[in-house]
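Counting from 11, one number per residue, gives the positions in the sequence shown under the numbering used here. Report on one structure; see the data block that follows.
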Amino acid sequence: MAKVECKVCEYVYDDSEIDYCPRCDETTPPKGTQCEFCDNLATSYVQDHPVCDDCYDDAYPVD
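Here it is, written out as structure tokens:
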């Protein structure tokens, strides 16, 4: 039962049960996932929809 630190988010988890970071898994779509609103690759989620950086910025505009 070894502890592993995620290289992306620095979250520490037990690798005996899973081989991926549970925190990144909730916030980052799997590699190769297409944005639901355009043809770019998805980098995050907006309300459970995989989106690219441009569509993410459109969903959360800065005033």
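Glycine included, C-beta positions come from ideal geometry on N, C-alpha and C. Predicted, not measured: the structure shown is a model, and the values here were computed from it.
Mapping DSSP to helix, strand and coil, what is D64?
helix
Alpha-carbon spacing of D25 relative to T37, whole angstroms
19 Å
Do R33 and C48 have their CB atoms nearer than 8 Å?
no
How long is the line joining the alpha carbons of D29 and V14, rounded to whole angstroms?
9 Å
Entirely enclosed beta strand (DSSP E) segments - the stretch 11-38, minimum 3 residues
13-15 and 22-24
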